[in-house]
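Working notes, structure below.
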Amino acid sequence: MAVKKIPVFLCCFFLLFSEIPVFSQEVAFDSEILTEDAVGESETPVLKKHPLVGISGMLVANGVISGWNRFVTRSSWAQVTLDDILNFPNRTVSFDTDWYWTNFVLHPYQGALYYMGARNSNMNMLESFLVTCAGSAIWEWGCELNAPSINDLVYTTVGAFAVGEMLSRLSVEAAAKSGFWSVVINPMRLYTVPLTGEKPSGTTGNLRSLSLLAGMGCAAGGGFSGGDFDDSVEVFPAFGRAEANVVYGNPFALESSVPYGQFDLKAGFAVGRGSGVGVEKLDKLLMYDIHIFSDGMFFSFAPDWGENTDTTIGMSMLYDFMLHSFMEFSSLAPAFAIKQKVYLEGADFGWQTHLGAVLLGTSDYYYLRREKIPTDTSRGTVRDYGYTCGAEAAAALSFATPGGLSASLDLRAYGMYKYPFQKQWCDDTGIELFALADLCVEYAVSDTISMGISNTIFAKTCFFDEMPNASYALYSGSVYTRIRFI
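Those letters in the sequence shown? Residues -24 to -1, 1 to 462, by mature numbering (1 follows the signal peptide of the UniProt record, and there is no 0).
Given below as structure tokens:
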């Protein structure tokens, strides 16, 4: 495997679509946009760059996190010596077995700190991405005794671009209202603003929708497979949930060559009583759900498809993460996207779809995640998921009436292949097909508050190479209250 080519691939990632014509339109992704300095549209005036602040911010972030692991938690893998650092050419990369949350939330967020520090210093997207790549390489080869991780090199760079650019833009929006929330969203402001004497710049007024919901519900699911394995039924009797939904920029009739000038972001969590099944004791006692679903437009144009319709066509990046006590999956997928809003008499109807190729994803291994087979930890750390590539389709439908009644359907569907060279000794490879659908119906009781019902279904079928094929599903129902701020 040509792993030495990975950094080159990552550095060239954002130039991928720069020369691709889109039908007969003139609007296409312009790689020069990546060299625009401010967070916002390309017409923003060029500001003085502070590259030393951006680069030093990356080093400080690595130093603080590394110091915490080395001196506070005293993690064995963080006890790096000078000889270890100087011996970096002899270290080979591999897929790691770290905790799911660490790999696919903390690493993208750590990379986002590098990225936001550079963006705060008026460095453009490409420069900030290169700083992020450097920070990831320094961490993997200079701050850990573990083998440099392929998945970390991808998620701490490409994943960090998605997370970092969204947070940078949201931080600029928040700064117009509250300095506190701008720092919560972008903590690198605490380092860069005193050194540069400037607050991160960018356009404001781009938030089209911002809402928070809170509710409660219950869930039930089960699985079955062939061979000698028993079928299972699991019940999660009660849970509480919260979720934030953000729409940045106008999704419809969008003509833009600015990456992440428009994005949708949904992030939430749930906590409740467990089903009694799981790998760890905590999994058996506690039901948990942490999820992030986002799509950001790289470039787009707005074809005229008739009256009473607003249409957007372009390329997007999908970043998905689901850590649930019942299942796990994640994906990074560039995608072809269509978004359209239709204005009907007495109602509005919107829809969008994304068809993407998964650069790197993950999916749980049923027999380990649901405790169907024992694990021998004396042979090393075992992860209950595998690394994948494949395809993803995302779709959303929405319908709203002037009377306050609305409905929405969000769907994520995946076709994943677990490649053999990432396989563990107790793992299996094969093809996995799964989908997550969420149907919500709401009624607005005021201009800002809605009451709603949510029905969520997860279903998965696995075709393993050696183990018996398996299928499992989960239904979750909840009632909630949504507060709309915008």
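Cβ coordinates follow ideal geometry from the N, Cα and C atoms, glycine included.
Beta-bridge annotation (DSSP): Gly191 is paired with Arg217 and Tyr456. When the five nearest sequence neighbours on each side are left out, the beta carbons in the same chain lying within less than 6 angstroms of the beta carbon of Asn45 are those of Ser51 and Ala54, in order along the chain.
The count of Cβ pairs closer than 8 angstroms, one atom from the stretch 305 to 319 and one from the stretch 269 to 286, reaches three, so the stretches are in contact.
The shortest C-alpha to C-alpha distance from Asp271 to any of Val247, Asp265 and Phe297 is the one to Phe297. Rounded to whole angstroms, the gap between the alpha carbons of Leu189 and Cys416 is 12 angstroms. For His83, the enclosing alpha helix (DSSP H) starts and ends at His83 to Asn96. Comparing alpha-carbon positions, the option among Phe410, Leu308, Arg458 and Glu442 lying closest to Val134 turns out to be Leu308. Between the alpha carbons of Ala229 and Leu409 lies a distance of about 33 angstroms.
Within the model, the alpha-carbon separation for Thr180 versus Ala152 is close to 7 angstroms. Per DSSP, the continuous alpha helix (DSSP H) segment holding Glu141 begins and ends at Val134 to Ala151. Looking only at Val169, Phe245 and Arg458, the smallest Cα-Cα distance to Asp423 is reached by Arg458.
Classified as exposed, Gly202 has fewer than 16 neighbouring CB atoms from the shown chains inside 10 Å of its CB. When secondary structure is reduced to three states using DSSP, Lys317 falls in the strand class. Under the criterion of beta carbons closer than 8 angstroms, Pro176 and Val139 do not qualify as touching, at roughly 16 angstroms.
CA-to-CA, the gap between Tyr343 and Ile349 works out to about 6 angstroms. Scanning Asn221, Arg95 and Lys436 for the CA closest to the CA of Leu241 turns up Asn221. Non-local C-beta neighbours of Leu373 in its own chain, meaning closer than 7 angstroms and more than five positions away in sequence, comprise Trp327, Ser384 and Leu385, ordered along the chain. Gly380 is the residue among Lys394, Gly380 and Tyr264 whose C-alpha sits nearest the C-alpha of Ser426. Judged by DSSP secondary structure, Ala110 falls within the alpha helix (DSSP H) whose first and last residues are Met101 to Gly118.
Contact annotation: Tyr341 and Asp404 have beta-carbon atoms nearer than 8 angstroms.
Between Gly248 and Ala214 the beta-carbon gap is near 5 angstroms, inside 8 angstroms, which marks them as a contact. Residue pairing for Trp327: DSSP places it in a beta bridge opposite Gln316 and Leu373. In this structure the stretch 56 to 76 does not touch the stretch 85 to 97; the number of beta carbon pairs closer than 8 angstroms is below three. Between the alpha carbons of Ala371 and Asp259 lies a gap of roughly 31 angstroms.
In the three-state DSSP reduction, Val130 falls in the helix class (H, G or I). Apart from sequence neighbours up to five positions away, the residues of its chain that approach Glu141 with a beta-carbon distance below 6 angstroms are Tyr236, ordered along the chain. Excluding its 5 nearest sequence neighbours in each direction, Gln398 has C-beta neighbours in its own chain below 7 angstroms: Phe71, Gly362 and Tyr363, listed in chain order. Inclusion of Val29 and Thr132 in the CB contact set at 8 angstroms is not warranted, their separation being larger than that value. For Gly254 against Glu368, the beta-carbon gap comes to about 26 angstroms, at or over 8 angstroms, which does not count as contact. Buried is the label assigned to Ile126, since at least 16 other Cβ atoms lie within 10 Å of its Cβ. Non-local beta-carbon contacts of Ser187 in its own chain, meaning distances under 6 angstroms to residues more than five positions away in sequence, involve Asn221, Arg458 and Arg460 in chain order.
8 angstroms or more divides the Cβ of Arg165 from the Cβ of Gly225. The residue among Leu450, Ser112 and Ile266 with its C-alpha nearest the C-alpha of Ala37 is Ser112.
Boundaries for Asn38: no beta strand (DSSP E) harbours it, while the alpha helix (DSSP H) harbouring it runs Pro27 to Gly43, taken from the DSSP string.
For Gly155, the enclosing alpha helix (DSSP H) stretches over residues Gly155 to Ile161. Annotated three-state conformation of Ser447 is strand, per DSSP.
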